[in-house]
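Protein chains: 2
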Amino acid sequence: MSEGVEWAMHSCLNLSWAEPGEAVTARRLAAFYDLPPAYLNKQLQALARAGILSSVSGPRGGFRLNRAPEQISLLDIVVAIEGPEDAFRCEQLLRKGPGGSDDVDYRAHCVISQEMRAAELEWRRALAGRTLADVRATVETRFPHTPEATRDRFVNAPT
Amino acid sequence: MSEGVEWAMHSCLNLSWAEPGEAVTARRLAAFYDLPPAYLNKQLQALARAGILSSVSGPRGGFRLNRAPEQISLLDIVVAIEGPEDAFRCEQLLRKGPGGSDDVDYRAHCVISQEMRAAELEWRRALAGRTLADVRATVETRFPHTPEATRDRFVNAPT
DNA sequence: GTCATACTACTCGGATAAGAACTGTCCGAGTGGGGTAGG
DNA sequence: CCTACCCCACTCGGACAGTTCTTATCCGAGTAGTATGAC
Numbered sequence: 080m081s082e083g084v085e086w087a088m089h090s091c092l093n094l095s096w097a098e099p100g101e102a103v104t105a106r107r108l109a110a111f112y113d114l115p116p117a118y119l120n121k122q123l124q125a126l127a128r129a130g131i132l133s134s135v136s137g138p139r140g141g142f143r144l145n146r147a148p149e150q151i152s153l154l155d156i157v158v159a160i161e162g163p164e165d166a167f168r169c170e171q172l173l174r175k176g177p178g179g180s181d182d183v184d185y186r187a188h189c190v191i192s193q194e195m196r197a198a199e200l201e202w203r204r205a206l207a208g209r210t211l212a213d214v215r216a217t218v219e220t221r222f223p224h225t226p227e228a229t230r231d232r233f234v235n236a237p238t
Numbered sequence: 080m081s082e083g084v085e086w087a088m089h090s091c092l093n094l095s096w097a098e099p100g101e102a103v104t105a106r107r108l109a110a111f112y113d114l115p116p117a118y119l120n121k122q123l124q125a126l127a128r129a130g131i132l133s134s135v136s137g138p139r140g141g142f143r144l145n146r147a148p149e150q151i152s153l154l155d156i157v158v159a160i161e162g163p164e165d166a167f168r169c170e171q172l173l174r175k176g177p178g179g180s181d182d183v184d185y186r187a188h189c190v191i192s193q194e195m196r197a198a199e200l201e202w203r204r205a206l207a208g209r210t211l212a213d214v215r216a217t218v219e220t221r222f223p224h225t226p227e228a229t230r231d232r233f234v235n236a237p238t
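The listed protein sequences correspond, in order, to chains A and B.
Counting in the working numbering, the first sequence runs from 80 upward without gaps.
Counting in the working numbering, the second sequence runs from 80 upward without gaps.
Spelled out as C-alpha cells, the structure:
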C-alpha cells in the first residue's frame with residue numbers, strides 16, 4: 080500500500096482540528112512530519128478530486144475538509160489515494176485452463192476469486208465503519224491537548 | 080498485491096488433485112494457464128520455502144503439497160508470496176509531530192495505525208478461516224469433472 | 001545374465017536484466033491582498 | 001480621505017526525473033534414469 084495513505088490520514092485528521100472555514104496549505108501540513116511538501120500536495124490533490132477536501136488557490140489558500148468528519152470514512156481516504164480496484168485482481172486464468180471459455184466472467188465465478196473478494200470485503204467493511212470523527216474522538220480522549228497543539232502549530236509553523 | 084498470489088492459489092489447487100506422492104513440474108503447472116514457466120517456478124520456490132510445497136530436483140522431479148489441503152489456509156499462501164508484513168506500514172510520523180517522542184512505539188499507540196491494523200486483521204481472519212480443502216470441495220461440487228480433467232492434463236500436457 | 005559405471009536429459013535454484021509503479025521535484029496558471037496614484 | 005487600478009507574492013495543479021519493486025529470463029548444481037561394457 081502506498082505511503083501516501085498514511086500521510087493522507089494524518090493530514091485529514093489535522094485538518095479536522097483547523098478553525099471552521101480555515102484553509103491550510105500543503106506546506107504547513109507537511110511541516111508537521113517533515114514530509115516533502117510538493118509530494119504531499121499531490122496526495123491532497125487526490126483527496127480533493129475525491130471530494131474529501133476542497134482546495135483554494137492563491138494567498139490565504141490551501142485545503143480544508145469538504146464534509147463533516149462524521150461523513151468521511153477511513154475507506155474513503157484509502158480509496159481516494161489507492162484507487163477503487165481491489166488489491167487482488169483476478170486475471171481470469173481459468174479462461175486458458177481446461178474447459179475455460181471466453182464467454183464466462185471468471186471474476187464472478189472463480190472460487191478463488193470469490194474467496195479473495197470476500198476477505199477484502201471484510202477489510203473494506205471494517206474501514207467503512209470507522210469515520211474520521213471516531214478517530215478524532217479517540218485521540219481527544221487519550222490526548223486532550225492535541226486539538227490545541229494542532230491549531231497552535233497551524234499558526235506558528237516553523238516555515 | 081502481486082500477481083503471483085493468484086498463480087500460487089491456482090497451482091496449489093491443481094496440485095491438490097495430483098496423485099498422492101506425484102511431483103508436478105513447474106512447466107506443467109505453467110502450461111495450464113500459459114504462464115511463464117521460469118517465473119512461476121520462482122513463486123513455487125517461495126511456497127516451498129514457506130513449507131507449503133516440497134520440491135524434488137531431477138527427472139521425475141517437481142513440486143507437491145507438503146501438507147494436507149485441510150492444513151493449508153489461503154492466508155498461508157498469501158503470506159508465502161507477499162511476505163508477512165502488513166500492507167499498511169506505519170512510518171511513525173507522530174515522532175516528528177508536536178509532542179512526538181523517540182521513545183514511543185507509535186505502531187502500537189497511533190490511533191490511525193490501530194484502525195488500519197484492525198481492518199487488516201479482519202482480512203487475515205477471513206483468509207485464515209478458509210483452507211485449500213474448502214476451496215477444492217466447492218469446486219468439486221460445482222464442477223465434478225474438474226479433478227479428472229486436471230489429472231488428465233498433468234499427464235497429457237501440450238508440452 | 002548380472003552388476004557396476006559413466007552418461008545424458010531433466011529439474012530446481014539462484015543470479016541476472018527489462019519494465020512498471022511509486023516517490024520526489026519543478027515550473028506555470030490563477031488568485032487574493034496590498035500599495036499607489038488619482039479624484 | 002476615498003476609490004480604482006496595478007503589481008506582486010503566494011498557492012494549487014499538472015508535467016517532468018529518480019528510485020524501488022515487480023515481472024521476466026537465463027544459466028549452473030544436482031539427480032534419476034538409461035545405455036554400455038565388463039565379469
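Beta carbons: idealized from backbone N, C-alpha and C, even for Gly.
Interface annotation for the region 103 to 122 of chain A against chain B: F111, Y112, D113 and L114, criterion Cβ-Cβ distance under 9 Å.
A/A159 is positioned such that its CB atom lies no closer than 7 Å to that of A/A117.
B/F167 has a beta carbon lying within less than 7 Å of a beta carbon in chain A. For A/L144, the enclosing beta strand (DSSP E) starts and ends at G141 to L144. Per DSSP, B/V135 is one residue of the beta strand (DSSP E) stretching across L132 to V135. Not one beta carbon of chain A lies nearer than 7 Å to the beta carbon of B/L211. Counting other Cβ atoms within 10 Å of its Cβ, A/D181 stays below 16 and is therefore classed as exposed.
Less than 7 Å separates the beta-carbon of A/L211 from that of A/P148. Take the alpha-carbon of B/G179 and the one of A/N145: they are about 28 Å apart.
The continuous alpha helix (DSSP H) containing A/W202 extends over residues V190 to A207. The Cβ atoms of B/W86 and B/P226 lie no closer than 7 Å to each other. Between the beta-carbon of A/E194 and that of B/R209 there is about 5 Å, and that keeps the pair under the 8 Å contact cut. Only exposed fits B/V135, as fewer than 16 other CB atoms lie within 10 angstroms of its CB. By the C-beta density criterion, A/G141 is buried, having at least 16 other C-beta atoms within 10 angstroms. Closest by C-alpha distance to B/E161, out of B/R203, B/V214 and B/P138, is B/R203. Between A/P177 and B/A105, the C-beta spacing is not below 7 Å.
Within chain B, the C-beta atoms nearer than 7 Å to that of A/G178 come from A228, in chain order. For B/Y118, the enclosing alpha helix (DSSP H) starts and ends at P116 to R128.
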